[in-house]
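Protein sequence lines, in the order shown, are assigned to chains A and B.
Going by our numbering, 115 is the number at position 115 of the first sequence; the sequence numbering is gapless.
Count along the second sequence from 1, then add 292; that gives the number in our numbering.
This report refers to the structure that appears directly beneath it.
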Amino acid sequence: MILFLQQIINGLSVGSVYALIALGYTMVYGIIKLINFAHGEVMMAGAYFAFVVAISSRFPFPIVLFISMVMAAIVGIVIEKLAYKPLRNAPRISALITAIGVSLFLQNLTLVIFKADPKIMPVLIEKKPINIGSLQIGTVTLTTLILAIVFMVILDVFIKKTKPGKAMRAVSEDKDASVLMGINVNKTISITFAIGSALGALGGVLYGITYTQVYPTMGIMPGLKAFVAAVLGGIGLIPGAVLGGFVIGMIETISKAYISSQWSDAIVFGLLIVVLLFKPTGILGKNEKEKV
Amino acid sequence: MDRKILKNYAINILVIIAIYILLKVLMGTGVISRYHQGIIIFIMINIILATSLNLATGFLGQLTLGHAGFMAVGAYVSAMTAVALKANFKGMPDLVMLIISLAVAAVASALVGIVIGVPALRLRGDYLAIITLGFGEVIRVVINNIKATGGAQGFTGIPKISTFDNVFWITVLVVLFLYRLTHSRQGRAILSIREDEIAAEAVGVKTTHFKVMGFAIAASIAGIGGGLYAHYIAFLDPNTFNFMRSVEILVIVVLGGMGSLTGSILAAIVLTIMPEALRSFANYRLLLYSFMLIIMMIFRPKGIFGTGEFSWQGFYDRYQMRKNALLKREQE
Numbered sequence: 001m002i003l004f005l006q007q008i009i010n011g012l013s014v015g016s017v018y019a020l021i022a023l024g025y026t027m028v029y030g031i032i033k034l035i036n037f038a039h040g041e042v043m044m045a046g047a048y049f050a051f052v053v054a055i056s057s058r059f060p061f062p063i064v065l066f067i068s069m070v071m072a073a074i075v076g077i078v079i080e081k082l083a084y085k086p087l088r089n090a091p092r093i094s095a096l097i098t099a100i101g102v103s104l105f106l107q108n109l110t111l112v113i114f115k116a117d118p119k120i121m122p123v124l125i126e127k128k129p130i131n132i133g134s135l136q137i138g139t140v141t142l143t144t145l146i147l148a149i150v151f152m153v154i155l156d157v158f159i160k161k162t163k164p165g166k167a168m169r170a171v172s173e174d175k176d177a178s179v180l181m182g183i184n185v186n187k188t189i190s191i192t193f194a195i196g197s198a199l200g201a202l203g204g205v206l207y208g209i210t211y212t213q214v215y216p217t218m219g220i221m222p223g224l225k226a227f228v229a230a231v232l233g234g235i236g237l238i239p240g241a242v243l244g245g246f247v248i249g250m251i252e253t254i255s256k257a258y259i260s261s262q263w264s265d266a267i268v269f270g271l272l273i274v275v276l277l278f279k280p281t282g283i284l285g286k287n288e289k290e291k292v
Numbered sequence: 293m294d295r296k297i298l299k300n301y302a303i304n305i306l307v308i309i310a311i312y313i314l315l316k317v318l319m320g321t322g323v324i325s326r327y328h329q330g331i332i333i334f335i336m337i338n339i340i341l342a343t344s345l346n347l348a349t350g351f352l353g354q355l356t357l358g359h360a361g362f363m364a365v366g367a368y369v370s371a372m373t374a375v376a377l378k379a380n381f382k383g384m385p386d387l388v389m390l391i392i393s394l395a396v397a398a399v400a401s402a403l404v405g406i407v408i409g410v411p412a413l414r415l416r417g418d419y420l421a422i423i424t425l426g427f428g429e430v431i432r433v434v435i436n437n438i439k440a441t442g443g444a445q446g447f448t449g450i451p452k453i454s455t456f457d458n459v460f461w462i463t464v465l466v467v468l469f470l471y472r473l474t475h476s477r478q479g480r481a482i483l484s485i486r487e488d489e490i491a492a493e494a495v496g497v498k499t500t501h502f503k504v505m506g507f508a509i510a511a512s513i514a515g516i517g518g519g520l521y522a523h524y525i526a527f528l529d530p531n532t533f534n535f536m537r538s539v540e541i542l543v544i545v546v547l548g549g550m551g552s553l554t555g556s557i558l559a560a561i562v563l564t565i566m567p568e569a570l571r572s573f574a575n576y577r578l579l580l581y582s583f584m585l586i587i588m589m590i591f592r593p594k595g596i597f598g599t600g601e602f603s604w605q606g607f608y609d610r611y612q613m614r615k616n617a618l619l620k621r622e623q624e
């Protein structure tokens with residue numbers, strides 16, 4: 001029973017990282033209908049920023065995290081301006097290929113700069129287990145969970161209460177109508193990319209700390225799984241991304257612990273296929289009637 | 293068939309034979325080394341994969357992100373068939389063995405395509421892409437973890453029976469088949485689904501039937517491509533059939549032009565040679581490759597040929613038209 005509870009907490013922690021990354025996918029998809037395949041690489045870039053700052057200075061963890069998130073936000077805005085904006089009216093598949101191109105580009109740029117071997121992430125959060133009864137939780141697991149939840153709440157308040165947040169919801173609802181209402185669409189898209197990338201970087205830093213290393217291809221698998229999470233919850237929906245992230249993290253951890261660690265990826269992707277077949281719009285998605 | 297089309301076929305057959313003879317002569321005289329010969333074979337395998345994906349994505353309009361999965365099914369089935377044939381029928385000619393193995397691979401991939409396609413093709417747009425992506429990953433994990441495929445250590449001892457000659461002619465046959473298919477009654481039905489699914493259904497096209505058919509044919513041809521790959525490389529590692537492999541094939545299709553077979557052929561040639569030609573840049577080559585990909589997409593989002601096909605006749609006609617226009621201007 002204790003072991004099971006432990007696995008649940010691990011699952012929540014892994015899930016919260018997926019949820020953070022999935023938020024970036026879902027926000028971008030909601031606003032410009034693009035599967036941003038470069039998002040996993042933005043997450044990787046975030047982890048590398050934290051790595052560079054941490055080894056070259058003695059800043060405490062919150063400042064390292066802040067710098068990494070700001071840098072990643074800038075990377076996100078630049079990617080959107082240079083690569084996606086010229087293709088906003090092109091066929092969607094061209095934009096998709098461009099996203100894949102950007103993803104490859106970032107991966108190989110990191111490879112050229114830092115070489116392929118994994119770098120050891122400095123100890124940013126001191127590792128000592130916290131005991132609650134006979135339950136043992138690592139500080140890293142706990143920090144990950146708490147940080148993720150805090151930022152999700154901030155995001156929720158931002159989107160519901162502030163003006164830019166409302167603009168984001170308006171643009172994702174109907175781009176043309178929001179232009180008529182006087183919303184600056186370009187600025188709103190930039191903000192979306194900035195927030196999505198910063199959250200992705202947070203996920204990346206936490207992922208890097210959990211596995212104690214960073215490497216150029218670290219973004220691929222978590223990126224893919226976070227994307228699966230976004231689709232599972234209902235792509236374009238922010239609560240969906242969070243729910244999907246936790247579901248995927250939980251299933252992965254439980255299947256690794258109780259079924260087989262080799263088959264856990266197949267279980268995650270298999271589940272996605274099954275869910276999409278029965279409810280193509282995801283768990284929280286609404287069915288939209290197609291207009292002729 | 294009217295004369296113009298016949299003439300076109302004649303020209304194309306002559307060009308293909310000329311290319312074949314030219315390559316044969318160059319290989320015989322040693323101008324093309326074994327290394328280059330390998331690249332040529334990879335180009336042709338990529339042509340098979342890209343044109344088949346083009347049928348699903350370009351002509352049928354269904355974005356697929358798991359083509360490497362079908363390739364993997366074909367590669368492993370073909371390899372296992374060939375190993376079994378070799379053990380049971382000593383002295384079987386290589387060509388017969390290859391044809392039987394590829395046929396089994398094509399059928400197996402088509403069946404997998406139907407199993408995936410029947411439920412998945414009900415969904416539209418990005419969802420099909422995601423399901424096929426998931427399927428590709430599942431296939432890879434399955435191959436990695438079962439005994440029959442050699443698991444993560446890879447599959448060894450595959451008969452090396454793909455040669456330049458048979459790969460070349462199989463590629464020609466595949467492209468010819470796809471060309472005839474897309475210009476037939478069935479092909480027009482497939483195109484109508486891409487243009488407007490609802491309208492197609494309204495005029496009586498059985499959309500589900502043709503979607504599954506197109507998808508299954510694309511899968512089975514990808515299986516043939518995978519089989520040729522297995523019999524050339526003689527060793528299979530499940531991790532070569534990952535998500536990036538599917539993406540590579542998709543990039544060839546989009547860059548060549550979705551719905552253009554000649555575009556896929558040209559892009560397959562360019563994109564197979566490019567990473568090899570950039571080899572002297574070492575670590576920078578994939579950086580350059582991805583950079584060029586982004587640039588090409590930004591400036592030519594529809595791909596090299598768009599949905600059009602390249603033909604010598606069309607090339608000649610355009611040349612004549614330009615010449616006539618020039619002559620007219622001079623006379624005035």
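Cβ coordinates follow ideal geometry from the N, Cα and C atoms, glycine included.
This structure is a prediction, so every number in the text was calculated from the model and none was measured.
Shown here, residue 369/B sits in a helix according to DSSP, grouped into three states. The alpha helix (DSSP H) runs of length 4 or more contained entirely in the region 27-83 of chain A are, from start to end of the chain, 39-56 and 61-79. Here residue 323/B carries a coil assignment [DSSP, helix/strand/coil]. Straight-line measurement puts the Cα of residue 487/B at about 34 angstroms from the Cα of residue 459/B. Assigned with DSSP and collapsed to three states, residue 334/B falls in helix. Nearest CB-CB separation between residue 530/B and chain A: not below the 7 angstroms threshold.
With a threshold of 16 other beta carbon atoms within 10 Å, residue 571/B falls short and is exposed.
Contact between residue 467/B and residue 413/B is absent: CB atoms are separated by about 25 angstroms, not below the 8 angstroms threshold. Chain B places a beta carbon closer than 7 angstroms to that of residue 98/A, counting this residue as a contact.
For residue 623/B, the enclosing alpha helix (DSSP H) starts and ends at 604-623.
DSSP, reduced to helix, strand and coil, places residue 436/B within a helical segment of the structure shown. When the alpha-carbon of residue 506/B is set against those of 294/B, 408/B and 347/B, the nearest one is in 347/B.
The DSSP-derived three-state label of residue 450/B is coil. In this structure, residue 11/A lies near residue 250/A, with their beta-carbon atoms less than 7 angstroms apart.
In the DSSP assignment, residue 132/A falls within the beta strand (DSSP E) that extends over 130-132. The beta carbon of residue 353/B does not come within 7 angstroms of any beta carbon belonging to chain A, so the residue lies off that interface. Contact between residue 415/B and residue 276/A holds: their C-beta atoms lie close to 7 angstroms from each other, under 8 angstroms.
Spanning the alpha carbons of residue 568/B and residue 108/A requires a straight line of approximately 16 angstroms.
Exclusion of the five residues before and after residue 561/B leaves 335 as the residues of its chain whose Cβ lies within less than 6 angstroms of its Cβ.
Going by C-alpha positions, residue 15/A is about 7 angstroms away from residue 247/A. Against residue 105/A, the close residues of chain B are 579, 582, 583 and 586, in the order they occur along the chain (beta-carbon pairs closer than 7 angstroms). Contact between the region 518-534 of chain B and the region 313-322 of chain B is not established, with fewer than three Cβ pairs separated by less than 8 angstroms. Within chain A, no residue has its CB atom less than 8 angstroms from the CB of residue 323/B, the nearest being about 33 angstroms off.
The DSSP-derived three-state label of residue 163/A is helix. Within its own chain, the residues whose Cβ lies closer than 7 angstroms to the Cβ of residue 284/A, once the five positions on either side in sequence are excluded, are 233, 234, 237, 239, 240 and 243, listed in chain order. Residue-level contact check: residue 94/A touches chain B, since one or more beta carbons of chain B fall below 7 angstroms from its beta carbon. In the structure shown, residue 388/B adopts helical secondary structure according to DSSP, grouped into three states. Residue 269/A reaches chain B at 426, 429 and 430, counting residues in chain order whose Cβ is nearer than 7 angstroms. If one requires a minimum length of 4 residues, the alpha helix (DSSP H) runs lying completely within the region 450-486 of chain B are 456-474, in chain order. For residue 368/B, none of the residues of chain A pass the 7 angstroms Cβ criterion, the least Cβ distance being about 16 angstroms. One finds 276, 277 and 280 in chain A with Cβ atoms closer than 9 angstroms to the Cβ of residue 415/B, taken in chain order. Secondary structure of residue 262/A (DSSP, three-state): coil. Membership of residue 235/A in any beta strand (DSSP E) is not indicated, and neither H nor E is assigned to it by DSSP. Setting aside the 5 residues that flank it on each side, residue 424/B is surrounded in the same chain by 356, 357 and 358, each with a C-beta closer than 6 angstroms to its C-beta; the list follows chain order.
Taken through DSSP and simplified to helix, strand or coil, residue 543/B comes out as helix. Not a single C-beta of chain A is nearer than 7 angstroms to the C-beta of residue 363/B.
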